[in-house]
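Q: Residue numbers (our numbering): 179 to 630. A virtual CB, placed ideally from N, CA and C, is assigned to each residue, including glycine. Dropping a structure here in structure tokens format, bear with me for questions.
Here's what the structure looks like:
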């Protein structure tokens with residue numbers, strides 16, 4: 179009997195500890211599931227820390243384009259962030275883009291002028307009412323007042339499309355049951371492209387309790403990038419220093435690549451370094467030239483995980499798909515070596531057959547340079563001597579708008595304007611290194627997918 183009693187006590191003890199073990203296992207599984215979702219960016223929240231956070235490898239929340247964006251008239255900092263919804267079509271969702279007060283203001287000034295919305299006849303370009311669009315709306319003149327100008331400036335800062343390229347704001351009101359059937363915003367006729375060319379982008383701002391969604395029926399959504407967030411702001415740093423006089427083709431982003439990534443790119447490039455070449459403007463062939471005295475090596479697109487991470491980061495920041503990018507080019511400049519002012523876009527028809535024209539360049543600095551080695555834009559407009567680092571520039575660096583190399587910094591500039599014409603103000607060069615070594619990495623972005 180004693181033995182049986184002991185057996186029952188032992189069984190009861192085992193049962194209690196079994197439940198404890200089960201609960202512990204379930205807790206551990208839930209924790210692992212949450213960590214997995216966070217790692218895959220399927221569970222995420224916008225970063226509310228308004229200070230510049232240290233760089234975390236391949237983590238867009240930690241890459242600060244701008245800690246916050248404050249519009250004129252805003253008393254508090256408003257964090258705005260973006261979701262990359264789709265690359266086909268290219269669609270991005272901006273959170274907290276307008277304040278509550280701005281939304282109410284736009285509605286109130288629009289209400290007295292609302293009229294039945296119209297559509298454009300595809301073949302003739304004639305404007306008419308249609309059962310396909312049953313809303314009411316009104317247009318607000320560009321630059322109507324300070325609030326409208328602030329919003330238009332914000333749109334330009336976020337899209338990299340100048341205010342002057344934008345049409346008037348259109349306020350649209352949909353009541354229950356009203357709709358706009360699927361359509362294109364670009365034109366099918368020649369009449370409406372006579373002023374300003376075709377429409378290249380649309381920014382839609384809305385808030386609806388139920389229904390009224392904006393739908394892209396032909397979109398190809400890649401869920402792996404559906405909720406990847408990053409802070410956004412207007413042309414930080416250079417915009418701050420040159421707000422009143424620098425052309426809109428220039429942008430700068432700090433801590434874009436980590437120290438470890440910089441060192442990795444240098445190390446894998448060293449065994450492959452060769453004399454850098456230039457493209458002959460007439461024939462399109464590569465050739466040696468005294469205008470470019472550096473050495474370099476190309477990295478195949480998608481070469482390894484680190485390269486893919488950097489290429490994905492470039493795509494996220496420029497809104498240009500990875501497939502439009504050429505392979506990374508790592509460059510090394512020793513003392514006295516340089517690259518005289520040149521254009522990154524092509525003058526020949528040979529090099530545009532694959533991927534079309536180059537539209538933008540991302541130049542990443544992989545090392546600091548003690549003296550010289552600046553990237554200079556000799557034709558940039560404005561009082562370039564007003565930069566805070568003017569006295570630190572070399573003689574070459576003082577010949578235009580110049581950026582001093584700093585490890586981890588990336589420079590984004592555009593070779594093509596929003597109207598698809600080439601930008602001659604994008605002329606740039608690499609000043610001679612006076613003291614130290616300069617390592618950099620270039621990514622050229624094309625108009626169309628580039629077959630690497």
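1. If you reduce the DSSP assignment to three classes, tell me which class residue 274 lands in.
2. Kindly provide the ranges of any alpha helix (DSSP H) runs that are 4 or more residues long and lie completely inside the region 439-505, ordered along the chain.
3. Rounded to whole angstroms, what's the CA-CA distance from residue 448 to residue 507? Just pull it up for me.
4. Considering only the beta carbon of each residue, do residue 550 and residue 630 sit closer than 9 Å?
5. Quick check on the DSSP output: what are the complete beta strand (DSSP E) runs of length 3 or more inside the region 317-386, in order along the chain?
6. Give a yes or no on whether the C-beta atoms belonging to residue 547 and residue 613 are separated by under 9 Å.
7. Quick test of the definition: if touching needs 3 or more C-beta pairs under 8 Å, does the region 452-460 touch the region 473-484?
8. Excluding the 5 residues flanking residue 439 on each side, which residues of the same chain have their C-beta closer than 7 Å to its C-beta?
9. Hey, which unbroken runs of the beta strand (DSSP E) at 3 residues or more fall wholly within the region 502-576?
10. Below 6 Å CB to CB, which residues in the same chain sit around residue 480 once its five sequence neighbours on both sides are set aside?
11. Under 8 Å by Cβ, that's how I've got residue 570 and residue 582 pegged, so tell me the actual separation to the nearest angstrom.
12. Can you tell me where the beta strand (DSSP E) with residue 624 in it begins and where it stops?
13. I need the boundaries of the beta strand (DSSP E) containing residue 579, first residue and last residue.
14. Classify residue 242 as helix, strand or coil using the three-state DSSP reduction.
15. Count Cβ pairs between the region 286-294 and the region 353-364 that sit closer than 8 Å; are there 3 or more?
16. What are the start and end residues of the beta strand (DSSP E) that includes residue 591?
17. Using the rule of at least 16 other Cβ atoms within 10 Å of the residue's Cβ for burial, across every protein chain shown, is residue 294 buried or exposed?
18. What three-state label does DSSP hand residue 604 in the structure shown?
A: Per the coordinate set shown:
1. Start at 1 with the first residue of the chain shown, and residue 274 comes out as number 96. DSSP places residue 274 outside both helix and strand once states are collapsed to three, so it counts as coil.
2. For the region 439-505, whole alpha helix (DSSP H) runs of length 4 or above, ordered along the chain, are 483-496.
3. What you label residue 448 is simply residue 270 of the chain shown in a count that begins at 1. What you label residue 507 is simply residue 329 of the chain shown in a count that begins at 1. Spanning the two alpha carbons is a distance of roughly 12 Å.
4. Looking up residue 550 in the chain shown gives position 372. Looking up residue 630 in the chain shown gives position 452. Cβ distance not < 9 Å, so residue 550 and residue 630 don't count as in contact.
5. Correct list: 347-351.
6. Residue 547 sits at position 369 when you count from the first residue of the chain shown. Residue 613 sits at position 435 when you count from the first residue of the chain shown. Residue 547 places its beta carbon less than 9 Å from that of residue 613.
7. Counting Cβ pairs under 8 Å, three or more are found: they touch.
8. Start at 1 with the first residue of the chain shown, and residue 439 comes out as number 261. Cβ neighbours of residue 439 beyond the five flanking positions: 484, 488.
9. Fully enclosed beta strand (DSSP E) runs of 3 or longer: 506-511, 517-520, 536-543, 553-555.
10. Start at 1 with the first residue of the chain shown, and residue 480 comes out as number 302. The residues are 486.
11. Taking the chain shown and counting its residues from 1, the one referred to as residue 570 is at position 392. Taking the chain shown and counting its residues from 1, the one referred to as residue 582 is at position 404. Approximately 7 Å separates the beta-carbon atoms of residue 570 and residue 582; this is inside 8 Å, confirming the contact.
12. Looking up residue 624 in the chain shown gives position 446. Per DSSP, residue 624 belongs to the beta strand (DSSP E) from 616-624.
13. Here the question's residue 579 lines up with position 401 in the chain shown. Element bounds for residue 579: 579-581.
14. Position 64 of the chain shown, counted from the first residue, corresponds to residue 242. Note that residue 242 has pLDDT 30, beneath the 50 cutoff, so the model's placement of it is unreliable and no number is given.
15. With fewer than three CB-CB distances shorter than 8 Å, the region 286-294 does not count as touching the region 353-364.
16. Here residue 591 is taken as the residue at index 413 of the chain shown, counted from 1. Taken as a continuous stretch (DSSP letters only), the beta strand (DSSP E) holding residue 591 covers 588-592.
17. On the chain shown, position 116 is the one that residue 294 refers to. Answer is exposed; the Cβ neighbour count stays below 16.
18. The count along the chain shown starts at 1 and reaches residue 604 at position 426. Three-state result, residue 604: helix.
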